[in-house]
Amino acid sequence: MTADYFRIATADFFQDWSNTGQIVEADNWSGVPSIQGFRGDGLTGSIGASPQLILLDGSGTPIDVNANEIAPGFLTVGGVAEFELVDDPTVALNGSGTADAPHIVLYLDTTGVTNIQLSYRLRDLDSSPNNSIQPVALQYRIGDAGEFMNLPAGYVADASGGPDTATLVTNVSVALPGAAENKERLQIRIMTANASGSDEWIGIDDIRVTATRPSLTPIVAIAPLTSTLTEGSGSPGQFQISRTGSDLSQELVVQYLISGSASGEDYGPMLTGTVAIAPNATSTILDITALDDSLVEGDETLILTLVDGTNYDLASSTQATITLLDNDGPPALPVVTLQAIDATASEAGSNPGRFRFTRTGDTSTALTLYYSIAAGTGQATPTADYTSLSGAIVMAAGATYADLPITAVDDSLAEATETVQLSLVADSGYTIGSVNSATVTLTDNDPYSIFRGNAAANTLVGTTGADLLLGFASNDTLSGAAGNDTLNGGTGGDRLSGGTGRDVFEYQGAGQALALANSRLAPMDRIMDFNAAGGDRIRLDYDGNPATSNRPVGLFNAGLQRTATLAAAAQAAYRDKNARQGGIQGLRASEGVFFAWQGRQFLAVNNTQATFAASGDFVVEVTGMRFQSGDSTLGALAVARYFV
907 MTADYFRIAT ADFFQDWSNT GQIVEADNWS GVPSIQGFRG DGLTGSIGAS
957 PQLILLDGSG TPIDVNANEI APGFLTVGGV AEFELVDDPT VALNGSGTAD
1007 APHIVLYLDT TGVTNIQLSY RLRDLDSSPN NSIQPVALQY RIGDAGEFMN
1057 LPAGYVADAS GGPDTATLVT NVSVALPGAA ENKERLQIRI MTANASGSDE
1107 WIGIDDIRVT ATRPSLTPIV AIAPLTSTLT EGSGSPGQFQ ISRTGSDLSQ
1157 ELVVQYLISG SASGEDYGPM LTGTVAIAPN ATSTILDITA LDDSLVEGDE
1207 TLILTLVDGT NYDLASSTQA TITLLDNDGP PALPVVTLQA IDATASEAGS
1257 NPGRFRFTRT GDTSTALTLY YSIAAGTGQA TPTADYTSLS GAIVMAAGAT
1307 YADLPITAVD DSLAEATETV QLSLVADSGY TIGSVNSATV TLTDNDPYSI
1357 FRGNAAANTL VGTTGADLLL GFASNDTLSG AAGNDTLNGG TGGDRLSGGT
1407 GRDVFEYQGA GQALALANSR LAPMDRIMDF NAAGGDRIRL DYDGNPATSN
1457 RPVGLFNAGL QRTATLAAAA QAAYRDKNAR QGGIQGLRAS EGVFFAWQGR
1507 QFLAVNNTQA TFAASGDFVV EVTGMRFQSG DSTLGALAVA RYFV
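Per this note's numbering, the sequence shown starts with residue 907, numbered consecutively.
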């Protein structure tokens, strides 16, 4: 019986045995395309052998099928059988003393396909008391002779479910190796072996083989066989339009678009937008000749782009270019240079810097010059530090230079000196001279960075440099970070944190009353890290003049006040400002006093009245207070060691 190899390139292979008319007589597989069964006599001499190790050719053993069977539990012969079960017919394998390694073979032609996937169901059909370990192996070989190769991924160690049951179904799905692809003759073998004890019938059902097939639609591509073509040269330039696919018997007309800087006066013959690939041909050639003229045109391009058609698909290579080389000498390009004719731009006043772009040579037409802007450490930031630039400047026809101003943005940040560095960028319209880069320096006019709040509750954080943080009328949080900072919370209960550095906590107003009212008993500011030893100071300003300040006329440390309320603690400190000296030392007008209450440290400054007034006297909590050396033990203190 001659095997018929099924060609996977035309369709998926599938066999489910539902057509019981395919097998009507014993040992006759002629009605089943591309499958045969073999009894496997003598392929192994031992009982219980693993079918994975039985690799010998079994095509010389008897072709076998017990046809039209209906009761797997009562068929006592081994080999291959067709069971016409009412619910689901199938073909099955069973080992025996004669059928040492029964198997079926699939015959496939995998020419032109890849990614071959095989799947099938192994069904336990035997509900008799028989109980065996019934292994099933999967193997393949190339051609009609030689040993098979085992596929471990398809091995099932026991496809039976035990005695008196016939419900187990094992699904097998295996990707065949690449060696099985593109073969005219591929044989796949599914095999069991004579098991110890009474073998059970194992059905092989719903056999399916799939693969990735080549497209039958022609795939069209284009490529230039010559990349350049000189005017007046004897040899033509050539575009090649090619096709791949399974059917070359018909003429194929391919469409294309024409583009590029060349016109129809630059080349011949005239292109029509279509080209035909002759029957049985895989490609065609378009010849192009560059016409010789006397015009100075420069090099030009001819571009053909394939257009998708209804009877072909496009490959990834859909566009090809031939450059037509002008044989008339081009004019000399202008030489351009760049320098800074004003190398400084200042934030103060109207003082821009200025770059000058210069050209030599032909000035009859306008010329666009391109430049890059350096970035990185020390470089100014466009928009934030100076008016942003476009990267190009146009030199008018007849002009030998063009100037580009650099205008610094006047901000409120204290910044180091920054630069704007431009460099000429190459372009086909000019040649870059030796002087091609220049720098303008931006000078700052801010002694410190200013951060202003609004009427809402603000959180302002300074930079690592010198900062001025200004709150407003709400409860603000001001953090100076590193650097020597000035913090002004305004009215409201503010939280002030100077960070590292020599910081100034400023209270300002038009007169003493308004200045001191910025932090009263309620609302009261909280200075989070007042470090007098590290250089922190408090500044009182009664006239709004930053050049002057108003210190208390005296300063004292009253020590711990053991009272029930903070107001009572302030009153007690006012009554006896110097606990280190005997007697009662009352706080005078415009004097200041430190005092502690319930583990917290406070500073109060008296207004023009001697007694404490919660509505008019300055009170601030100085959390994290660090006194100057020796000042924490009560008594009179040097005002300049705590106030500006």
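Here a beta-carbon is modelled for each residue, glycine too, at the ideal position from N, C-alpha and C. These numbers come from a predicted model, not from an experiment.
Which of the three DSSP states is assigned to residue i in this structure?
{"i": "Asp1447", "result": "strand"}
{"i": "Tyr1061", "result": "coil"}
{"i": "Asp1537", "result": "helix"}
{"i": "Tyr911", "result": "coil"}
{"i": "Val983", "result": "coil"}
{"i": "Ala1085", "result": "helix"}
{"i": "Arg1481", "result": "helix"}
{"i": "Leu1422", "result": "helix"}
{"i": "Leu959", "result": "helix"}
{"i": "Thr1004", "result": "coil"}
{"i": "Gly1386", "result": "Any reading at Gly1386 is ruled out, since the residue's pLDDT is 49, under 50, leaving its predicted position unreliable."}
{"i": "Gly927", "result": "helix"}
{"i": "Arg1265", "result": "strand"}
{"i": "Pro978", "result": "helix"}
{"i": "Ala1568", "result": "Shown here, the chain extends from 907 to 1550; a query on residue 1568 therefore has no answer."}
{"i": "Ala1428", "result": "coil"}
{"i": "Val1528", "result": "strand"}
Under a Cβ-count criterion, where at least 16 other Cβ atoms within 10 Å of its own Cβ denotes burial, should residue i be classed as buried or exposed?
{"i": "Ile1247", "result": "exposed"}
{"i": "Phe1436", "result": "buried"}
{"i": "Glu1137", "result": "buried"}
{"i": "Asn1513", "result": "buried"}
{"i": "Ser1169", "result": "exposed"}
{"i": "Asp970", "result": "buried"}
{"i": "Asp1006", "result": "buried"}
{"i": "Ile976", "result": "exposed"}
{"i": "Thr1098", "result": "buried"}
{"i": "Arg1468", "result": "exposed"}
{"i": "Asn925", "result": "exposed"}
{"i": "Gly1407", "result": "buried"}
{"i": "Phe1518", "result": "buried"}
{"i": "Asn1451", "result": "exposed"}
{"i": "Leu1122", "result": "exposed"}
{"i": "Asp1409", "result": "buried"}
{"i": "Pro1130", "result": "buried"}
{"i": "Arg1486", "result": "exposed"}
Among the options, whose alpha-carbon lies nearest the alpha-carbon of residue i?
{"i": "Ala1416", "options": "Pro1130, Val1410, Gly1440, Ser1455", "result": "Ser1455"}
{"i": "Met1176", "options": "Ala1196, Tyr1013, Thr1188, Pro1185", "result": "Ala1196"}
{"i": "Ala1428", "options": "Asp1409, Val1410, Leu1472, Gly1138", "result": "Leu1472"}
{"i": "Ser1141", "options": "Ala1280, Tyr1173, Ala1129", "result": "Tyr1173"}
{"i": "Trp1503", "options": "Ala1475, Gly1488, Gln1487, Gly1530", "result": "Ala1475"}
{"i": "Asn972", "options": "Leu959, Arg945, Gln1045", "result": "Arg945"}
{"i": "Ala1438", "options": "Val1528, Asp1316, Ser1425, Gln1487", "result": "Val1528"}
{"i": "Tyr1551", "options": "Val1550, Asp1316, Thr1313", "result": "Nothing about residue 1551 can be read from this structure; the chain reaches only from 907 to 1550."}
{"i": "Thr1293", "options": "Ala1281, Ala1314, Gln1285, Ile1490", "result": "Ala1314"}
{"i": "Ser1200", "options": "Val1011, Ser1223, Asn1233", "result": "Asn1233"}
{"i": "Ala1221", "options": "Gly1536, Ala1127, Ile1490, Met1055", "result": "Ala1127"}
{"i": "Ile1164", "options": "Ala987, Leu1208, Gln1144", "result": "Leu1208"}
Kindly list the residues whose CB is nearer than 8 Å to the CB of residue i, restricted to its own chain and excluding five residues on each side of it in sequence; keep chain order.
{"i": "Gly875", "result": "Residue 875 lies beyond the stretch modelled for the chain, which goes from 907 to 1550, so this question has no answer here."}
{"i": "Asn1100", "result": "Thr950, Ile953, Gly954, Ala955, Gly984, Gly1001, Ser1002, Gly1003, Ala1005, Asp1006, Ala1007"}
{"i": "Glu990", "result": "Thr926, Asn974, Glu975, Ile976"}
{"i": "Glu1497", "result": "Pro1458, Val1459, Gly1460, Leu1461, Phe1462, Lys1483, Val1511, Asn1512"}
What does DSSP give as the partner residues of residue i in its beta bridges?
{"i": "Gln1156", "result": "Paired residue(s): none; Gln1156 is not in a bridge."}
{"i": "Asp1105", "result": "Answer is none; Asp1105 lacks a bridge partner."}
{"i": "Gln1146", "result": "Ala1129, Ile1191"}
{"i": "Thr950", "result": "Thr950 pairs with nothing; no bridge assigned."}
{"i": "Pro1288", "result": "Tyr1292"}
{"i": "Ser1222", "result": "BP columns for Ser1222 are empty, so no partner."}
{"i": "Thr1118", "result": "Thr1020"}
{"i": "Leu1210", "result": "Ile1164, Ala1226"}
{"i": "Asn1056", "result": "Gln1045"}
{"i": "Phe989", "result": "Glu975, Thr996"}
Between residue i and the rest of its own chain, which residues show a CB-CB distance below 6 Å, the 5 nearest in sequence each way excluded?
{"i": "Leu1239", "result": "Tyr1336, Thr1337"}
{"i": "Trp1107", "result": "Pro978, Ala998, Asn1000, Leu1031, Asp1032"}
{"i": "Glu1090", "result": "Asp1015, Thr1017"}
{"i": "Ile1444", "result": "Phe1411, Phe1549"}
{"i": "Arg1114", "result": "Phe920, Ser1025"}
Excluding five sequence neighbours on each side, which residues of the same chain lie with their C-beta closer than 7 Å to the C-beta of residue i?
{"i": "Ala1419", "result": "Asn1513, Gly1522"}
{"i": "Met1531", "result": "Phe1436, Gln1507"}
{"i": "Ser1038", "result": "Ser1066, Ala1101, Ser1102, Gly1103, Ser1104, Asp1105, Glu1106"}
{"i": "Thr1116", "result": "Asp918, Gln1023"}
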